[in-house]
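What follows is a single structure, written as structure tokens, with notes after it.
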Amino acid sequence: MKKTVRGKVYDTDLMTVVKKVAHGAFGDPAGYEETLYQADNGSYFLYTFGGEQSPYKEEKLVSLTKTRLEAWQKENA
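In case it helps, the working numbering puts the sequence shown at residues -19 to 57.
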């Protein structure tokens, strides 16, 4: 997936999947997925997408700070 965020193009096909977490079953309107990616330069990104009743109604790709990365990893250990 290629996504432009604030004028910068990110391509998840060129990134490494570190961990993928699914919340809920496929088709669940409250269900969602979070995928943690690492880019070649060492930075981390979180791809999120979910159903209409989920926290992620729209597909997003966000850069993670070290603090946010550590918090996400702890929550999803």
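We put the CB at the ideal spot given by N, CA and C, even for glycine. Keep in mind the model is a prediction, meaning the values are calculated, not measured.
Please classify residue i: is it buried, with 16 or more other beta-carbons within 10 angstroms of its beta-carbon, or exposed?
{"i": "G(-13)", "result": "exposed"}
{"i": "M(-5)", "result": "buried"}
{"i": "F6", "result": "exposed"}
{"i": "E32", "result": "exposed"}
{"i": "E55", "result": "exposed"}
{"i": "E50", "result": "exposed"}
{"i": "E14", "result": "buried"}
Using DSSP with H/G/I as helix, E/B as strand and the rest coil, what is residue i?
{"i": "K54", "result": "helix"}
{"i": "D(-9)", "result": "strand"}
{"i": "T45", "result": "coil"}
How about residue i: is its C-beta nearer than 8 Å to some C-beta of chain C?
{"i": "H3", "result": "As a matter of chain content, chain C is missing from the structure shown, which is built from one protein chain."}
Since residue i and residue j are thought to touch, with beta carbons under 8 Å apart, how far apart are those beta carbons, to the nearest angstrom?
{"i": "S43", "j": "G11", "result": "Contact doesn't hold; Cβ gap of about 24 Å is too wide."}
{"i": "Y(-10)", "j": "F25", "result": "7 Å"}
From the DSSP output, read off the bridge partner residues of residue i.
{"i": "T(-4)", "result": "Q18"}
{"i": "E13", "result": "A2, F29"}
{"i": "K(-18)", "result": "D(-9)"}
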